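Protein chains: 6
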Amino acid sequence: MNLLSTVRRIAVVAPHPDDEILGCGGTMARAAAAGIEVHVIVVTRGQPPLFEQSLVDRIRRETLHAHAMIGVADTHFLDFPAAALDQVPRSDLNHSLSTALSRIEPDLLLVPFVGDIHLDHQIVFNAAMVHARPRTSSGPACVLAYETLSETNWLAPGVTPAFIPNVFIDISTTIDAKIAAFSSFETQVKPSPDERSIDAIRALATLRGATVYRHAAEAFVMIRQVG
Amino acid sequence: MNLLSTVRRIAVVAPHPDDEILGCGGTMARAAAAGIEVHVIVVTRGQPPLFEQSLVDRIRRETLHAHAMIGVADTHFLDFPAAALDQVPRSDLNHSLSTALSRIEPDLLLVPFVGDIHLDHQIVFNAAMVHARPRTSSGPACVLAYETLSETNWLAPGVTPAFIPNVFIDISTTIDAKIAAFSSFETQVKPSPDERSIDAIRALATLRGATVYRHAAEAFVMIRQVG
Amino acid sequence: MNLLSTVRRIAVVAPHPDDEILGCGGTMARAAAAGIEVHVIVVTRGQPPLFEQSLVDRIRRETLHAHAMIGVADTHFLDFPAAALDQVPRSDLNHSLSTALSRIEPDLLLVPFVGDIHLDHQIVFNAAMVHARPRTSSGPACVLAYETLSETNWLAPGVTPAFIPNVFIDISTTIDAKIAAFSSFETQVKPSPDERSIDAIRALATLRGATVYRHAAEAFVMIRQVG
Amino acid sequence: MNLLSTVRRIAVVAPHPDDEILGCGGTMARAAAAGIEVHVIVVTRGQPPLFEQSLVDRIRRETLHAHAMIGVADTHFLDFPAAALDQVPRSDLNHSLSTALSRIEPDLLLVPFVGDIHLDHQIVFNAAMVHARPRTSSGPACVLAYETLSETNWLAPGVTPAFIPNVFIDISTTIDAKIAAFSSFETQVKPSPDERSIDAIRALATLRGATVYRHAAEAFVMIRQVG
Amino acid sequence: MNLLSTVRRIAVVAPHPDDEILGCGGTMARAAAAGIEVHVIVVTRGQPPLFEQSLVDRIRRETLHAHAMIGVADTHFLDFPAAALDQVPRSDLNHSLSTALSRIEPDLLLVPFVGDIHLDHQIVFNAAMVHARPRTSSGPACVLAYETLSETNWLAPGVTPAFIPNVFIDISTTIDAKIAAFSSFETQVKPSPDERSIDAIRALATLRGATVYRHAAEAFVMIRQVG
Amino acid sequence: MNLLSTVRRIAVVAPHPDDEILGCGGTMARAAAAGIEVHVIVVTRGQPPLFEQSLVDRIRRETLHAHAMIGVADTHFLDFPAAALDQVPRSDLNHSLSTALSRIEPDLLLVPFVGDIHLDHQIVFNAAMVHARPRTSSGPACVLAYETLSETNWLAPGVTPAFIPNVFIDISTTIDAKIAAFSSFETQVKPSPDERSIDAIRALATLRGATVYRHAAEAFVMIRQVG
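Residue numbers (the numbering used here), protein chains in the order written: chain A, 789 to 1015; chain B, 789 to 1015; chain C, 789 to 1015; chain D, 789 to 1015; chain E, 789 to 1015; chain F, 789 to 1015.
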């Protein structure tokens, strides 16, 4: 029995570039290696004055480079303003994200967690769920929420929604590819003991793996699966 | 993508006979039809004076008949005392259930829900989880909890654990087989509006199906999946 | 003992027309038949370009027709923009809804569920609760949240708030009136296996009824009751 | 609208004598004054060597005296061993409690809270729920859980089930009777700042009242109501 | 062992003036008396037309007077519009609050509760948590959420986040100072049985105290502590 | 501000030997080095036929050796039967544990988590909480629950209580001592990728540390703190 073995197309929704690598870079790499078509939708882009244009351009290059390393089939940029999704009419965001997802037609949809501290993550989760409403039989068969270091542990888990994983994907063969891909985000890697450090990423993979007797894993919260 | 398509062997743990039909009779029938080996472990047996021997014997015949209709490969009776599992040393129960499951080696394990009102259900859930500890890489890849009419809605959901399903298995093709199998438990079927009535079983299947745009479904809570 | 028997006036707050029928059409019909004054407040109206004007006009006619069938005493339209409540200053919405409720002076207040997937539902729930703050002894004695097919099961129950009902109102005598009223929303009824189909509505009523040994029921989450 | 106005018979299940006064003494007094028949079932009795016989006898006299003050119609003693319900076969307890409740036929059933620290409370809650299963239409229409000072706040609320009240019964007219009745348990009243002190009882009533704009109230968690 | 004994600087974030007194006035007074530097950040100010200017001016005077009584070292006004934080870009609020907190460098941070009914409270909680992200080792070592009468009990606890306290600070010596300080908000004190009455404040302190065998206490939810 | 700096005496309650090292070995080592008196109460002992006597004897030696390495002041063995606490009258266990804790008089009490898969852990948690009831002002000022690899992640977190930590103790200086102490349990250390492997222990410490910008930490759930 194997969750990935019958998947044809995966869509990962990332509020900001690098969330998708932190959350499911190993899973994407494993899926791509197995011939599954992996798409990433990056919802926001940093915009002046909150973000410097040169930094934004650099991050975009880093993103594409990381995605190439992982084997992402296509990266879709929606270019909503980063750290300002609260200022975007929700119907605009819902429409834009749903249009992108309808083109991809994923059977596995990976979304950020609604309890992440960044409001952009919370909003993107909700927008993705609006698309995933089972109003036909052709939507994604499975929706999983991934965890993002520096986001998922930093709101108030237990008071706000806590990430309590129940799906674990073995990334023993791709943890190194994940770390290499994240390392290519030179602007985003931090030294230990930051949660965005290589040490923390590796520790999380080791821990999530050990919980299910695997050498490395990424963990998810099952949102909905239809079988 | 399809949860059942890579399963080889299913074990369903039933505290009492007919729980397995109410909870996942449609899933079992669909799996059996697809060539998956389906095992049922019935943990308890009614014993005098709490239960009349003639009734107990009759239920056992009904059980085997229902299982034959569903296509169950093998039914395993552990024969612990029904409605008295609180009087059984937990290590005895754990050992016995674990031995049975180790022989079956299921990759999909279906268990009753820990929030069911019957203490036997709560105890059996815990015993099954003890077996499912990931102490090797060969345990069940997926553990799901099923819902049982006349048990799952009757404790105090929201104060005690609530059954909030996130996995839905399409039983459009086997809902009739499920109802036929349950009907063979002549001692257990009740007239409307009892939760153990045919009307209630069909309504639940319709509702769980509609939630995911299917004509009939059985719903589960994901306990743990390793992929 | 009977929850409805001492109620004088009910107010149902509906984010969009038909939510009130799906959620508590049977309860409203039973209450109206018993001489209780039933009011509905429809918070939003579809507005171009998100919604076509001709469709909006038609839905309004359907709403009034359905309410007449149910025996609603008065329907109050607040006309905030549908699917765009996130763009409305919250103090405007709070003020408008509170003004309407203050005129009605209900002793039973029925509101949508805060965990519904539609942001409009979440916002309306909060606005209704602001009005219901017990700042005097004359507010509604009881506030219940109703469930809405195609909304309540489709966010991420368990991660987001789950609808776990603890109040059940017998609608055995009015389930047919409820379905007739919903059927008059010709634009909104969907064929099976959609959650907005007649089959799903009937299945939900049968299931909620069976849980409490009634032939049909509507279920609610108790928010607050003062006795 | 008034929760008590259509009640005919109340049964309060108390694990130990005085739980019922702490939890719902004011409600019982108000109900009795309104002509409602109020029954109390005391599940356990202290037994040597855990409890001294003379103390046990004295507490029984205090109980009957307190019940007379409150206007209790009848007090039923089941005499299971106090602080030792874990040693009683659950089927015995279920049978005994159910027999007592079947004779009373209450339409309102008040039970201790499942998250109380005392195991006896947890077990009694479950036994009461077994009786309250809606297997006919004649069971209690409403089941509420009450809070008990020195029990309900002392397990690990938030990790174990938390008492989050949503039903408030006005005891402005009977708070003094409640305190007088509790004071008659001379063996059980403690000086401030103990939770079993008169000050704490009065503070709780004032706080629960203020939450709903009443001078004094008892608070409950709605378990199930059928209307 | 004593939570306050090693604290050097406390920052209390108050959505509106008087929240800080209701939530932690006794703790502030005790801390100030012990030589701890206590800062209050008042996030909003009433603005016409929602609030009359003369009232706003008066409340500001009351605030400063109350803070002087309590021994607050400094009060910081951010002057965002009251009851309209939903209209403020979140990045503006986050930036402003974070700037203020960075200047104070508290080791203990007290914030309103995310489940309070007032949207301003929910938003301020999130903004404070954004600042408190552990991106260096110099942030606040402890973050606690306080409860506010007339806010914390009035959303839908149990459906929305419930305030389930696990930290209790003894205010036996300062409950009178707290009540005196709150009384100086002449515009805000209400007569019994309002939750904002002196009776309710005192009852809450007595109850929270009794829960931990103290004569008076303020209760908090632990958000995060690093030791 | 520092949680440990005002602690005088710590008691750690361990259901089985090595739980205390896995859960809080680093904290104990740091506390002992700071001059705090650290006590461990080991509740059970393996007994034939469930456990071989020679193994039990060996584990006891390993325990004492590990405790010496950590700097434990005293180890108290209660010798209840391991994996059979469900067969022990709860009042016996409560009495025995409470007697031991009353002698130690800890101001910081560390207990296993109630959601651990092992029934012994659940029972010990409850027994420790019974002792910790605030019936005087002299009980432990702080009670924290620790997490145990191979126990805490293996029940059904989210359905059963989930370990959602909110207290983090920096063990950067003692993570090596913790691992050395656990390594001395030669019978208990497992190779990767078992949760009881050195790799998993180190990964957990790194992750819990990174969450609060520390190089290593142990995480806890705050049960109750009085300050």
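For glycine and all other residues, C-beta sits at the position ideal for the given N, C-alpha and C. As the structure is a prediction and not an experimental result, all values here were calculated from the model.
Compute the distance between the beta-carbons of residue i and residue j, then report whether it is under 8 Å.
| i | j | result |
| --- | --- | --- |
| B/L791 | B/I957 | yes |
| C/A944 | A/I905 | no |
| B/V912 | B/V830 | no |
| A/S879 | C/A915 | no |
| B/P949 | F/T948 | yes |
| A/A870 | A/T832 | yes |
| C/F868 | C/V876 | yes |
| D/L995 | E/L995 | yes |
| A/I952 | A/G814 | no |
| A/M917 | B/C930 | no |
| B/A1005 | B/G997 | yes |
Starting from residue i and walking both ways along the alpha helix (DSSP H), at which residues does that stretch end?
| i | result |
| --- | --- |
| C/E808 | D807 to A821 |
| F/R990 | I986 to T999 |
In chain order, what residues of the same chain have a beta carbon less than 8 Å from the beta carbon of residue i, not counting five sequence neighbours either side?
| i | result |
| --- | --- |
| E/I989 | L810, L937, K966, I967 and F970 |
| B/H853 | S972 |
| F/V955 | L791, L932, A1007, F1008, V1009 and M1010 |
| D/P979 | S985 |
For the beta strand (DSSP E) containing residue i, list its first residue and its last residue.
| i | result |
| --- | --- |
| B/R846 | Not the beta strand (DSSP E): B/R846 falls in the alpha helix (DSSP H), residues Q841 to I858. |
| D/D958 | V955 to D958 |
| D/A870 | Careful: D/A870 lies outside any beta strand (DSSP E) and carries neither H nor E. |
| E/I798 | R797 to A802 |
| C/T832 | E825 to R833 |
Using only alpha-carbon positions, find the residue among the options that is nearest to residue i.
| i | options | result |
| --- | --- | --- |
| E/R818 | E/M857, E/V844 and E/V931 | E/M857 |
| D/R921 | B/R984, B/R1002 and B/D895 | B/R984 |
| A/L885 | A/A998, A/F901, A/H919 and A/H855 | A/H919 |
| E/E974 | E/I959, E/M816, E/A998 and E/V844 | E/V844 |
| B/L838 | D/R846, D/C812 and D/H883 | D/H883 |
| D/H909 | D/H804, D/R796, D/V795 and D/M789 | D/H804 |
| D/S960 | D/R796, D/T794, D/M816 and D/R797 | D/M816 |
| B/Q976 | D/R923, D/T794, D/E825 and D/I847 | D/R923 |
On the CB-based measure, 16 or more other CB atoms within 10 Å of its CB, does residue i come out buried or exposed?
| i | result |
| --- | --- |
| D/A822 | exposed |
| F/E850 | buried |
| D/Q1013 | buried |
| C/E935 | buried |
| C/Q841 | exposed |
| D/R1002 | buried |
| E/D807 | buried |
| F/P836 | exposed |
Give me, in chain order, the residues of the same chain whose beta-carbon lies closer than 6 Å to that of residue i; leave out the 5 immediate sequence neighbours on both sides.
| i | result |
| --- | --- |
| F/I892 | A799 and H827 |
| D/L907 | D874 |
| E/S925 | none |
| B/A820 | V826 and G859 |
Near residue i, which residues of its chain fall below 7 Å by C-beta distance, leaving aside the five closest residues on each side in sequence?
| i | result |
| --- | --- |
| C/V1000 | F956 |
| D/P781 | Residue coverage of chain D in this structure runs from 789 to 1015, which leaves residue 781 of chain D outside it and unanswerable. |
| C/L992 | L937 |
| D/F865 | V830 and R833 |
| F/W942 | I905 |
Between residue i and chain G, is the shortest Cβ-Cβ distance under 8 Å, so that the two count as touching?
| i | result |
| --- | --- |
| C/I989 | Looking at the structure shown, chain G is missing, and the protein chains on hand are A, B, C, D, E and F. |
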